[in-house]
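Notes follow the structure.
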Amino acid sequence: MTGVRNLAWFSGALLVAVIALLLARIPFAGNIEAHGASVAAPIASALRDATRPITDVLLHAGQLGELSRENASLRQELARAQAELAAVREQRAANEEITALQQAAGELGSRVTAPVLLRDPAPGRQMLLIGRGTADGVHVGQPVLGPGATLVGVVAAADVRRARVRLLHDSDSAVAAVLQSSRVQGSLIGSGEGLRLDMVAATIPVATGDLVLTSALGGLLPPGLLIGRVANVDTRSEDLVARIRVEPLVDYNRLEQVLVLTDARQGLSLTNERPR
Numbered sequence: 009m010t011g012v013r014n015l016a017w018f019s020g021a022l023l024v025a026v027i028a029l030l031l032a033r034i035p036f037a038g039n040i041e042a043h044g045a046s047v048a049a050p051i052a053s054a055l056r057d058a059t060r061p062i063t064d065v066l067l068h069a070g071q072l073g074e075l076s077r078e079n080a081s082l083r084q085e086l087a088r089a090q091a092e093l094a095a096v097r098e099q100r101a102a103n104e105e106i107t108a109l110q111q112a113a114g115e116l117g118s119r120v121t122a123p124v125l126l127r128d129p130a131p132g133r134q135m136l137l138i139g140r141g142t143a144d145g146v147h148v149g150q151p152v153l154g155p156g157a158t159l160v161g162v163v164a165a166a167d168v169r170r171a172r173v174r175l176l177h178d179s180d181s182a183v184a185a186v187l188q189s190s191r192v193q194g195s196l197i198g199s200g201e202g203l204r205l206d207m208v209a210a211t212i213p214v215a216t217g218d219l220v221l222t223s224a225l226g227g228l229l230p231p232g233l234l235i236g237r238v239a240n241v242d243t244r245s246e247d248l249v250a251r252i253r254v255e256p257l258v259d260y261n262r263l264e265q266v267l268v269l270t271d272a273r274q275g276l277s278l279t280n281e282r283p284r
């Protein structure tokens, strides 16, 4: 619509200019020519103002293209910088987690940190693949710790560079445990989703919140490693053993780095596998 209007203005101005040129040849046309010029001048000025944005765009089209290319280059540089920053943050977080694991382990002996590479997706199976193996001193039967030097599982299989860890809440897991305050012994069993303490007589008082530790019974794991706390105790008159639910002290699903105690007894066959 704007283009049609501009064309009409231009055509009008051109027509006035032609008429003025023709009248200039007539002696008495001087006044008419002057009057026509006074009429055409505002028209020409309005036409220049209307077409100036288009002219400016044409004149600056090359500059706009250059600015667009520079903008794209800056966006790429920003994306690279953000990716590098994210990588630095991830590495820093991993280093801090490793340092915390080492400090929490204290005097527990020789150990090696290992990244968690994969989780077993099978229902009821709670296994981890870690990035350390026999070349790093990792062997079957060694305890695996998480944050706070809390026992999270036991090495179930190992090759040169990788190892599989059976977590405590795996459906085949069972370790000897003891209640810290009462020193009552039991068997910590995994259900695939949680933990429970079995083999505790229903007549023995068990306090909610009591810490659960590894037991020296069997000699398969170092005694005194933290496992969890008593979350719920259900005793019924007809039951011989109590139903004790244990809450882990760490979130097994969020493990990214673990600590393997490499000076624990080696070569034991699946120390935390439940007898069949």
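Start counting the sequence shown at 9; every next residue gets the next number (the numbering used here).
By construction, the Cβ of each residue, glycine as well, lies at the ideal position given by its N, Cα and C atoms.
Because the structure is a prediction, the values reported are computed rather than measured.
| Item | Value |
| --- | --- |
| Alpha carbon of P256 to alpha carbon of I138, nearest angstrom | 20 Å |
| A143 - partner residues in DSSP beta bridges | Per DSSP, none; premise fails for A143. |
| CB of A250 within 9 Å of CB of A185, strictly | no |
| S6, buried or exposed, once every other Cβ within 10 Å from all chains shown has been counted against 16 | Residue 6 falls outside the range modelled here, since the chain spans only 9 to 284, and no answer is possible. |
| Option in A143, A171, A157 with minimal Cα separation from G149 | A171 |
| Endpoints, the beta strand (DSSP E) within which T222 is located | 219–222 |
| Backbone secondary structure at S179 - three-state DSSP | coil |
| Same chain only: Cβ atoms within 6 Å of R83, ignoring 5 sequence neighbours per side | none |
| The region 209–227 in contact with the region 186–197 per 3-pair CB rule at 8 Å | yes |
| Three-state class that DSSP yields for A185 in the structure shown | strand |
| Paired residues, beta bridge with G154 - DSSP | T158 |
| Which listed residue (V268, L269, L153, Y260) has its alpha carbon closest to that of G200 | Y260 |
| Collapsed DSSP secondary structure at E85 in the structure displayed | helix |
| Close Cβ partners of V160 (< 7 Å) along its chain, the five nearest in sequence each way excluded | V152, L153, G154, L175, L176, V258, Y260, L263, V266 |
| G226 - DSSP class collapsed to helix/strand/coil | helix |
| Whole-Å CB distance - G236 paired with Q134, under 8 Å assumed | Rounded, the Cβ-Cβ distance is 14 Å, inconsistent with contact. |
| Same chain only: Cβ atoms within 7 Å of V241, ignoring 5 sequence neighbours per side | V214, T216, A250, I252 |
| L257 - containing beta strand (DSSP E), residue span | Per DSSP, L257 belongs to no beta strand (DSSP E) and is neither H nor E. |
| Opening and closing residue of the beta strand (DSSP E) in which P131 lies | Note, P131: premise wrong, no beta strand (DSSP E); not H, not E. |
| Distance between D271 and S118 (C-alpha atoms, nearest Å) | 5 Å |
| Residue from D178, G141, S190, N79 with nearest C-alpha to I212 | S190 |
| Contact under 9 Å by Cβ, L288 with V183 | Because the chain is modelled from 9 through 284, residue 288 falls outside the range shown and cannot be assessed. |
| Simplified DSSP state of S76, which is helix, strand or coil | helix |
| Exposure label - L234; buried when at least 16 CB within 10 Å | buried |
| Inter-residue spacing [alpha-carbon to alpha-carbon] between P131 and A80 | 47 Å |
| CA-to-CA distance, R204 to P123, given in whole angstroms | 28 Å |
| Where R140 falls, given that 16 or more other Cβ within 10 Å makes a residue buried | buried |
| Candidates G227, A164, T158, of which the one nearest L219 by Cα | T158 |
| Contact test: G202 Cβ vs the ligand ATP heavy atom, cutoff 8 Å | Looking at this structure, you won't find the ligand ATP or any other ligand, since it has none at all. |
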